[in-house]
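Residues are numbered in the numbering used here as their position in the sequence shown, beginning at 1, plus a constant of 84. Glycine included, every Cβ here is placed at the ideal spot set by N, Cα and C. Contents: one structure, followed by commentary.
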Amino acid sequence: MNETKIIAADLLWNGIQDPPIPNCAIIVEGRFIKEVMPVNELPAVALKHVIELQGATLMPGLIDSHTHLSMDPTMDNYLDHLNDTVTELTLRAVAMMQKDLIAGITTCRCLGDKEFLDIACRNTVEEKQLRGPRLLVAGKGIRAAQGHGFVGYPFDGPKEIIKGISENVSRGVNLIKFYITGTLQGKGQIPSYLTKEEIILLVNESHKAGLKTASHCVGGEGLDWALEAGLDSLEHAYHITDAQIEKLAKSDTWPVLTPSPLVLMKRIEHLPESLIPGHKKERDQIISRMMALISSGIPYAVGSDGMHGELAEEINYLINMGASHIDALKAATIHGAKVAGIDDQTGSLEAGKKADIIAVPGNPIKNIKTLKNVIAIMKEGEWIMKPEK
Ligand SMILES: [Zn+2]
Numbered sequence: 085m086n087e088t089k090i091i092a093a094d095l096l097w098n099g100i101q102d103p104p105i106p107n108c109a110i111i112v113e114g115r116f117i118k119e120v121m122p123v124n125e126l127p128a129v130a131l132k133h134v135i136e137l138q139g140a141t142l143m144p145g146l147i148d149s150h151t152h153l154s155m156d157p158t159m160d161n162y163l164d165h166l167n168d169t170v171t172e173l174t175l176r177a178v179a180m181m182q183k184d185l186i187a188g189i190t191t192c193r194c195l196g197d198k199e200f201l202d203i204a205c206r207n208t209v210e211e212k213q214l215r216g217p218r219l220l221v222a223g224k225g226i227r228a229a230q231g232h233g234f235v236g237y238p239f240d241g242p243k244e245i246i247k248g249i250s251e252n253v254s255r256g257v258n259l260i261k262f263y264i265t266g267t268l269q270g271k272g273q274i275p276s277y278l279t280k281e282e283i284i285l286l287v288n289e290s291h292k293a294g295l296k297t298a299s300h301c302v303g304g305e306g307l308d309w310a311l312e313a314g315l316d317s318l319e320h321a322y323h324i325t326d327a328q329i330e331k332l333a334k335s336d337t338w339p340v341l342t343p344s345p346l347v348l349m350k351r352i353e354h355l356p357e358s359l360i361p362g363h364k365k366e367r368d369q370i371i372s373r374m375m376a377l378i379s380s381g382i383p384y385a386v387g388s389d390g391m392h393g394e395l396a397e398e399i400n401y402l403i404n405m406g407a408s409h410i411d412a413l414k415a416a417t418i419h420g421a422k423v424a425g426i427d428d429q430t431g432s433l434e435a436g437k438k439a440d441i442i443a444v445p446g447n448p449i450k451n452i453k454t455l456k457n458v459i460a461i462m463k464e465g466e467w468i469m470k471p472e473k
């Protein structure tokens, strides 16, 4: 079934070029982008099939680089709700992925959920039994028995870590997630709950299995160890120091910024009561460190950490913290694809890539708020939200 679809709009931002290109059309054949070309070069026979979106911009489908399918921070005590029954968690996960998809998020990188429900969701979407974003999943997040990790599972020492990785691998995860630190600095140093040797082991064993590694790590010596070990993505980095930013710049590790857990006051207030004062206290300091990372010029991706369907808001926070519109948009498109290792498939609008396309009213490079009002969504050549012609 290689049906051809042609979409055109006043502007096209392909995920790479700045500024957007005026009057462009995308020819989609089957699941893939066949060609991106000026509207006036379209063959006459094609013209009557074109869906033309006046005043709109076509851009790549969004990528949420850090989420958890069964997390819903709009619920009171939302972290406690991660201990709901697996049935409740799974039903919530299905609802949350619908929310993501209709917000224009065509790919999610899911960094840990309970009982491999993320694998079930991914497979169900791939088998087309349910509609949802393309999911890359981490299965059971690995955390130290005495450590942090609300959606992680405790593993004690190297033997259990290896067992944890191989259980994830045999279930078919797309990447390995582990927890090095907690989230807040608290008093003094940020402890690493994993030893340097355990971090090296996690990275090496995952790489041996052909999988990338993502780690919840906010700072402290664990962050240095992770960079030295060759970690693929550093999640949160809330307390990264200037010296560590320099080290990060020289490494192959990607930072993934997750603003809303600390920026969005409404979300902080939905935390379990014991966690609220600490988050409020460290909020300003953490925002200033995210700003330092953004201004360093190191490329980064962005994630909602469970704030489903609200990636546009996370992009807006990046801009409020000093990111250019283009860099913030890249974080949620091409850079997200690079972090996930799927930039040969998605993240930009180029011939040969999967047709993950959204349209927004107006120009998102001038007004990021347009991202909150997606008017057309195509995932892998299939209309999720088809615009009126
Ligand atoms: Zn997370």
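### Message
In chain order, what are the residue ranges of uninterrupted alpha helix (DSSP H) at least 4 long that sit wholly in the region 201-252?
### Response
201-210
### Query
Can you tell me the Cα-Cα spacing of H320 and L307, whole angstroms?
11 Å
### Query
CB of C341 to nearest heavy atom of ligand 1: below 7 Å?
According to the sequence provided, residue 341 is Leu. The question's Cys does not apply to it. Every heavy atom of ligand 1 is 7 Å or more from the Cβ of L341, so no.
### Query
Would you call M181 buried or exposed, if buried means 16 or more other Cβ atoms sit within 10 Å of its Cβ?
If you draw a 10 Å sphere on the C-beta of M181, you find 16 or more other C-beta atoms in it, and that means buried.
### Alpha-carbon to alpha-carbon, T158 and A468
A small fix is needed here, since residue 468 is Ile in this sequence, not Ala. Rounded to whole angstroms, I468 to T158 spans 25 Å at the Cα level.
### Rounded C-alpha distance that separates I352 from H165
15 Å
### Query
Hey, would you say the C-beta of D197 is under 7 Å away from at least one heavy atom of ligand 1?
Outside the cutoff, so no.
### Message
Is D389 close to ligand 1? I mean its beta-carbon at under 7 Å from any heavy atom of the ligand.
### Response
yes
### Query
When DSSP builds the beta bridges, which residues end up paired with D148?
C192
### Task
Throw me the rounded Cβ distance for the V444 and A385 pair, which I believe falls under 8 Å.
The pair is not a contact, with the Cβ atoms about 20 Å apart (cut-off 8 Å).
#### Entry: Boundaries of the beta strand (DSSP E) in which H409 is found, first to last residue
First-last for H409: 409-415, but that is the alpha helix (DSSP H), not the beta strand (DSSP E).
### Query
Considering only the beta carbon of each residue, do Q273 and G304 sit closer than 8 Å?
yes
### Message
Could you give the first and the last residue of the continuous alpha helix (DSSP H) run that contains T171?
### Response
170-186
### Task
Report all residues from its chain with a CB closer than 8 Å to the CB of N447; omit the five preceding and five following residues, and keep chain order.
L95, P104, T141, T454
### Task
Check whether the Cβ of H300 sits closer than 7 Å to any heavy atom of ligand 1, and report yes or no.
yes
### Message
Once DSSP output is grouped into helix, strand and coil, what is the label at V302?
### Response
coil
### Query
Looking only at C-alpha atoms, which of K331, K334, A333, Y322 sits nearest to P345?
Y322
### Message
Restricting to Cα atoms, I'd like to know which of T208, S154, I110, F262 is closest to A179.
### Response
S154
### Task
Locate the beta strand (DSSP E) running through Y401, then write down its first and last residues.
Run containing Y401: none in the beta strand (DSSP E); it sits in the alpha helix (DSSP H), 395-404.
### Task
Going by CA-CA distance only, name the one from T430, Q429, S380 that's closest to A407.
S380
### Query
Which residues in the same chain as G425 place their Cβ atom closer than 7 Å to its Cβ, once the five residues preceding and following it in sequence are excluded?
K296
### Query
Should P217 and I189 be called a contact, given that it needs their Cβ atoms to be closer than 8 Å?
yes
### Neighbourhood of L146 by C-beta, 6 Å cutoff - its chain only, sequence neighbours within 5 removed
G188, I189, L395, A416
### alpha helix (DSSP H) segments (min. 4 residues) lying fully within the region 417-470
Qualifying alpha helix (DSSP H) stretches, in chain order: 418-424.
### Task
Would you check if the distance between the CB atom of C205 and the CB atom of L195 is smaller than 8 Å?
no
### Task
Can you have a look at E172 and say buried or exposed, based on whether 16 or more other CB atoms are within 10 angstroms of its CB?
exposed
### Message
Can you confirm whether the region 324-333 touches the region 348-365 when touching is taken to mean that 3 or more C-beta pairs between the two stretches lie within less than 8 Å?
### Response
no
### Message
I'd like the span of the beta strand (DSSP E) that includes S317, first residue to last.
### Response
If you look at S317, you'll find it in the beta strand (DSSP E) that goes 317-320.
### Query
Can you tell me where the alpha helix (DSSP H) with I283 in it begins and where it stops?
280-292
### Message
Taking a contact to mean a Cβ-Cβ separation below 8 Å, would you say E466 touches V120 in this structure?
### Response
no
### Contacting residues, own chain, Cβ-Cβ under 6 Å from V253 (five flanking each side not counted)
A293
### Task
If I'm right that G420 touches S149 with Cβ under 8 Å, what's the distance once you round it to whole angstroms?
4 Å
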